[in-house]
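There are 2 protein chains.
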Amino acid sequence: MSVLASQDSSLSRRLEADLAQVRRLFAQELESDLDCVNDLAGHAQRYHGKMLRPMLVLMTAMAVQPQGDTTEQKHLIAAAVVEMVHMATLVHDDVLDDAAMRRRGATINQLHGNEAAVMLGDYLISHAYHLCSSLGSPEISRMIAHATNTVCEGELLQLANRHNLELDEPTYFTIITRKTASLCGACCRVAAELSGCKQNVSDALYGYGETLGIAFQVIDDVLDLTGDPQTVGKTLGQDLVKGKLTLPLIHALATCGGAGGVELAGLLKSQGEAGLSEAKAGAGAGRVREILAGGRSLDYAREKAASLIGRAKSDLMDNLEDTPARAYLLGLAETVVERRL
Amino acid sequence: MSVLASQDSSLSRRLEADLAQVRRLFAQELESDLDCVNDLAGHAQRYHGKMLRPMLVLMTAMAVQPQGDTTEQKHLIAAAVVEMVHMATLVHDDVLDDAAMRRRGATINQLHGNEAAVMLGDYLISHAYHLCSSLGSPEISRMIAHATNTVCEGELLQLANRHNLELDEPTYFTIITRKTASLCGACCRVAAELSGCKQNVSDALYGYGETLGIAFQVIDDVLDLTGDPQTVGKTLGQDLVKGKLTLPLIHALATCGGAGGVELAGLLKSQGEAGLSEAKAGAGAGRVREILAGGRSLDYAREKAASLIGRAKSDLMDNLEDTPARAYLLGLAETVVERRL
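These protein sequence lines map, in sequence, to chains C and R. Residue 311 in the working numbering sits at position 266 of the first sequence, and the numbers go up by one each step. Residue 142 in the working numbering sits at position 97 of the second sequence, and the numbers go up by one each step.
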């Protein structure tokens, strides 16, 4: 994360130490007396990536306590909770997407079958709530559960719109706001509430997290169309296979018109057909990428993400004092649109 | 439920009214602004069956308040929470079992695919925790989450032992205690704690619920081998197809010896083989049933369940005053071994 490398180094060291603690809490919570459970849960721990969501919790906590720049045990626990929720969604997402690769390794469903992946996801979500209840705050438990309710709604709306070539931008944004951004917003709100922030600050921080989450998903969807699986480290191109219309495709269908539009619609339709050979699917996806590369739709999506990030940064600058932690959060927002993986 | 029909009728009416309230709370909690979510959640509500778990919560609450025989809003909420947890496990179980029928209707996975079923299960479990946090008690939230942790462990242990012909009785009982009985125990403990019971009473009630749950699962497993799908109202015989060794089979393998034992082991092994035709699987399952019908293994399992129910009843009689609600709980325990569906 280039933007973040230049940030305050004592803050970065602090964050690194905190994230190591979060990983320990995470592993400790999942420990079982059953070997078969530990084996699977251990595999899931390879899924820790950038740990964006725990970072949001920890940095928000630091940013709202300008004097101390410190985090407390409750923030570490909350960070482990959101990471566990996120990992549960990854494990179930990979089942829904038939994905074979994540974090440069085989997925749980690929290694142990869909059944083990469904149950491991349940085990993770259950432990997330279990750990969360140790905070002793029904309000925080309710915020986390509200966020997961919303994530599921987003996923269900997305499922209901598979292969819907008429999916419009507002519905696309409803889907990604719920399935991805609501948890990012909750990360910031939970940290703010644990630190006793006023309602308006908590709301502004939720706004920052949510907007950042929307931008993150827009770029994730662009990468699914343009990225290299080896660089990104996970199965890509599944959005086409699974009939998920994302922002560049919605824009292209709405704007390219004429023969190009008809060809694109035809290609997207055929991607969703049962019994399509892998070779044909690959050729079709390649042609979709060519059409996108020749138009403005990928740039349109990237610009949308950049504009969202601008709004997320304003939310922070208007509501928090200028501290190293705030600067870190502003930098974090930029990495979301700069990322290639 | 014949045993229960003869019970105190004012208590039964009270329970019926409470269960209607629980169904309302359940439906209300799941309401969404998205039609596609309401459609799926509405379908899940057809899964309300005997509502054993809410009954355990409500009747325990009445049994520990001998003067009043009343339940409060908090008990109704807890009853809706455990029903929602249970329904989430049914929805995901049907995915794991490839089951096509439940409560005399098509399963969610059959109607809408595994992906929608995985996500609907997640939506249910998320709302269960959300509703639970409205009780304002981190201790109760933690008990529910602890129970769901344990349920997942049981399911994962069961998955790890699919097609394991050497599965022994202790491991079988560990599986069913965790996957089924822990939630039944939690129903009683949650009700006891909400009513401010002493630790020893709460422990005894947990014991009653857990032991009843173990017996329930033993009989459920017997019915999977012997029941009529039309009477029971769900897909049966899946334990054989999915390589789940249950108590009658464990007993038969351990006791029938000689040629019979070899034949049974061979049949069970072939049931798990990929690419087995439906006709061959059906013939194999039929022969397994014949072998079981000729031996003592089904009776062995039924007697085990009956003895467990005896223990569950003692737990109650030793620790609760003699009230109509206690009598109801004793009768409920008996229905578990008497049931044919």
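Every residue gets a Cβ at the ideal spot worked out from N, C-alpha and C, and that includes glycine.
At a cut-off of 9 Å between C-beta atoms, Gly166 of chain R counts as an interface residue with respect to chain C. With contacts defined by Cβ atoms closer than 9 Å, Arg347 of chain R and Ile264 of chain R form a contacting pair. Under the 9 Å criterion on CB atoms, Leu202 of chain C is classed as interfacial with respect to chain R. Listed along chain R, no residue sits closer than 7 Å to Glu214 of chain C by beta-carbon distance, the nearest being about 17 Å off. Contact between Val382 of chain R and Ala260 of chain R holds: their C-beta atoms lie close to 6 Å from each other, under 8 Å. Under a criterion of Cβ atoms nearer than 8 Å, the residues of chain R adjacent to His172 of chain C are, in order, Ala190, Asn194. At a cut-off of 9 Å between beta carbons, Leu285 of chain C makes no contact with chain R. For Thr271 of chain C and Arg334 of chain C, the gap between their C-alpha atoms comes out near 7 Å. Inter-segment contact for the segment 149–160 of chain R and the segment 198–216 of chain R is absent: fewer than three beta-carbon pairs are separated by less than 8 Å. If you draw a straight line from the Cα of Glu160 of chain R to the Cα of Val140 of chain C, it is about 8 Å long.
Between the C-alpha atoms of Val136 of chain R and Ile189 of chain C there is a straight-line separation of about 22 Å. Excluding sequence positions up to five before and after Leu64 of chain R, its CB lies within less than 7 Å of the CB of Met96, Pro99, all in the same chain and listed in chain order. Contacts with chain R at 9 Å (Cβ-Cβ) include Val163 of chain C. Across the segment 65–92 of chain C, CB contacts with chain R closer than 8 Å involve Ser77, Leu79, Cys81, Val82, Leu85, in sequence order along the chain.
In this structure, the straight-line span from the alpha carbon of Ala299 of chain C to that of Gly305 of chain C is close to 11 Å. Secondary structure note for Asp266 of chain C: its alpha helix (DSSP H) is the uninterrupted segment 244–271.
Residues of the segment 243–255 of chain R whose Cβ lies closer than 7 Å to any Cβ of chain C: none.
By the criterion of at least three beta-carbon pairs nearer than 8 Å, the segment 231–247 of chain C is not in contact with the segment 351–362 of chain C. Remark: C-beta atoms of Leu374 of chain C and Thr195 of chain C do not approach each other more closely than 9 Å. Going by DSSP, Gly327 of chain R is part of the alpha helix (DSSP H) stretching over 323–339.
Three or more Cβ pairs closer than 8 Å define a contact, and the segment 170–184 of chain R meets that threshold against the segment 175–192 of chain C.
In the DSSP assignment, Gln73 of chain C falls within the unbroken alpha helix (DSSP H) covering 54–75. The beta carbon of Arg356 of chain R does not come within 9 Å of any beta carbon belonging to chain C, so the residue lies off that interface. A Cβ-Cβ distance of about 10 Å is found for the pair Met132 of chain C and His172 of chain C, leaving them out of contact under the 8 Å criterion.
Spanning the alpha carbons of Phe218 of chain R and Asp78 of chain C requires a straight line of approximately 15 Å. Assignment of beta-bridge partners to Met146 of chain C by DSSP yields C:Ala151.
Per DSSP, reduced to three states, the secondary structure at Cys301 of chain R is coil, with no helix or strand assignment. The shortest C-alpha to C-alpha distance from Leu85 of chain C to any of C:Ala62, C:Gln112, C:Gly166 is the one to C:Gly166. Residues Arg207, His208, Gly317 of the same chain have their beta carbon placed closer than 6 Å to that of Gly288 of chain C, with the five preceding and five following residues left out of the count.
When the beta-carbon positions are compared, Ala357 of chain C and Thr256 of chain C come within less than 9 Å of each other.
DSSP places Thr219 of chain R inside the alpha helix (DSSP H), whose first and last residues are 214–221.
Residue contact check for Leu337 of chain C against chain R: no CB pair falls below 9 Å.
Judged by DSSP secondary structure, Val109 of chain R falls outside any alpha helix (DSSP H); it is assigned neither H nor E. The beta carbon of Ser186 of chain R falls within 9 Å of a beta carbon belonging to chain C, placing the residue at that interface.
With 16 or more neighbouring CB atoms inside 10 Å of its own CB, Val102 of chain C falls in the buried class.
The C-beta of Glu211 of chain C has fewer than 16 other C-beta atoms within 10 Å across all chains shown, which makes the residue exposed.
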